[in-house]
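Student:
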Amino acid sequence: MAGMVARLIGSSEHSCRWVKGGLLVLLCLLPCLTPAATAAPAGGAGDGALRVTVTVNGRRNSGTHPPALRAGGPVVTRYRLVNRGEAHLYGLRILDPSVPGGAVRCPRRPLPALGELECVARFRAAPGAHRGTVRAEGSIPSLRRLVTATARAGYSGVAGALRLTERVTVAPPARRTAAPGRLRALRPTGTATVTYTVTNLGNRPLHAVRVDDPALGLRAGSGTRAGTGTAVDCGGRPGTVAVLAPGASARCTATVRRPPGTHRSTGLASGTDRVTTYGPDGARVPAPTLVARSSAVFTLPAAAEPGASRPPSGPGRPAEPVRGSGGAPGARGGGATPSGRPAAPGSAGVPAPGAAVLLELLFPGAGAQDAGAAGGLGPVGDVG
């Protein structure tokens with residue numbers, strides 16, 4: 008009986024030694040069965056332990072769908088860093104090619120294990136497309152290891168700008184009509200043609216560009232005040248350019264009539280690119296109305312008075328004067344018959360009443376310059 012008990016105790020001790028040996032072998036083989044540290048999930052210290060997500064003016068997925076931002080407006084880019092590892096990350100840094108000078112601010116503290124924090128960049132939007140790869144970096148000094156993460160982000164800068172210039176061409180003055188009564192009381196006017204050139208300096212098409220001139224009373228889509236001229240003409244459209252492509256120009260003209268003197272033109276162009284953008288808080292911002300101005304000063308000369316001296320008929324020789332029926336005694340003229348009595352109006356050599364006025368109305372200046380021809384007057388000669 009005692010021998011049987013002794014054999015059982017010996018076998019138990021042998022089993023314990025075998026179990027201890029098996030556990031020791033298993034512990035030695037365990038490191039070979041674990042995955043590599045560089046692909047560590049949560050609890051590791053590899054590159055996959057750090058993640059970064061980017062929002063631009065409140066819009067995510069800016070890498071595939073860049074939000075439209077107004078050029079010159081504020082941009083707020085936020086970088087959310089998540090540490091999925093079990094080691095603290097130090098010296099955090101964000102590299103973003105769309106940020107001028109890389110001015111991204113991060114908290115001056117380490118990113119704790121299994122923690123998160125936010126870095127922010129604030130700047131002004133620039134025209135054009137700005138998209139690239141954002142890179143986040145953090146280090147583990149105890150392991151002498153640099154952990155990184157990347158993400159795509161960016162925005163599209165919408166630039167809207169108009170430029171307006173103008174040029175005024177003054178028509179030569181007309182000779183004032185020598186008409187009596189009510190016709191003479193008409194106010195003389197001069198004519199000027201104003202040419203406006205509107206240019207799209209932005210990077211989006213402009214729609215419904217209007218051209219007005221408040222000083223001259225010109226409004227798009229309507230005529231001017233009665234008797235002062237015509238409406239602005241933009242290629243057959245009344246004061247409006249339907250679509251103006253980026254970098255393109257369009258010309259509009261207007262002809263105005265004003266009394267003699269100095270006048271001022273104040274051109275005004277307005278339009279919109281119809282692009283909705285996003286503000287720094289992510290709110291939608293409607294397209295603004297773009298405005299451009301111009302100005303010019305021009306002078307309309309007074310009309311020439313009737314009966315003004317005619318230019319010389321030859322080099323250095325003035326034209327011969329023409330005498331009427333009240334000339335010197337004995338002078339032969341068309342205002343009297345050979346018998347010395349006055350000729351009847353309407354007969355040969357004597358103009359009918361109002362003929363000079365009608366001639367002047369049809370051919371300005373002809374009444375005064377060609378009075379001798381109309382009255383049948385020839386060169387003055389003495390009766391021998």
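Counting in this note's numbering, the sequence shown runs from 8 upward without gaps.
Even for Gly, the Cβ is constructed at its ideal location relative to N, Cα and C.
Keep in mind that this is a model prediction, so the values were computed, not measured.
Hey, quick one: how far does the beta strand (DSSP E) through A56 stretch, first residue to last?
Tutor: That residue, A56, is in no beta strand (DSSP E); it is neither H nor E in DSSP.
Student: Are the CB atoms of T262 and R217 nearer to each other than 9 Å?
Tutor: Cβ distance not < 9 Å, so T262 and R217 don't count as in contact.
Student: Considering only residues of the same chain and omitting the five flanking positions on each side of G268, which have a CB-CB separation below 6 Å?
Tutor: Nothing meets the Cβ criterion.
Student: Going by C-alpha to C-alpha distance, which of R115, A78, R91, L297 sits closest to P287?
Tutor: Of R115, A78, R91, L297, the residue nearest in Cα terms is A78.
Student: Taking 6 Å as the limit between beta carbons, can you name the residues of its chain near G243, skipping five residues before and five after?
Tutor: Cβ neighbours of G243 beyond the five flanking positions: none.
Student: Could you tell me the alpha carbon to alpha carbon distance between T198 and S301, rounded to whole angstroms?
Tutor: Going from the Cα of T198 to the Cα of S301 covers about 20 Å.
Student: Across the segment 119-126 and the segment 82-91, are there enough close Cβ pairs to call them in contact, namely three or more that are closer than 8 Å?
Tutor: Yes, they touch.
Student: Report the residue ranges of all beta strand (DSSP E) runs contained in full by the segment 53-138; include only those spanning at least 3 residues, in chain order.
Tutor: Segments of the beta strand (DSSP E) lying fully in the segment 53-138: 57-63, 75-77, 81-90, 97-102, 123-131.
Student: Considering only their Cβ atoms, is the gap separating V82 from A132 smaller than 9 Å?
Tutor: Yes, the Cβ-Cβ distance between A132 and V82 is below 9 Å.
Student: Exposed or buried, which one is Y203 when buried takes at least 16 other CB atoms within 10 Å?
Tutor: So Y203 ends up on the buried side.
Student: Given a cut-off of 9 Å, decide if N207 and L150 are closer than it, judged by their beta-carbon atoms.
Tutor: Not a contact, by the Cβ cut-off of 9 Å.
Student: Report back the beta-carbon spacing between S105 and A160 to the nearest angstrom; my notes put them in contact at under 8 Å.
Tutor: Between A160 and S105 the Cβ distance is about 7 Å, and since that is below 8 Å, they are a contact.
Student: Going by DSSP in three states, R266 sits in which element: helix, strand or coil?
Tutor: With the sequence shown as reference, residue 266 is identified as Pro, and Arg is not the correct amino acid for it. Note: P266 maps to coil in three-state DSSP.
Student: Closest Cβ-Cβ distance between A168 and chain C: below 9 Å?
Tutor: Included in the structure is just one protein chain, with no chain C present.
Student: Spatial neighbours of A94 within its chain, please: C-beta separation below 8 Å, excluding the five flanking residues on both sides.
Tutor: If we look at A94 and ignore the five residues flanking it on each side, its Cβ neighbours are A52, A56, A120, I147, S149, L150.
Student: What residue does the beta strand (DSSP E) around D219 start on, and which one ends it?
Tutor: Element bounds for D219: 213-219.
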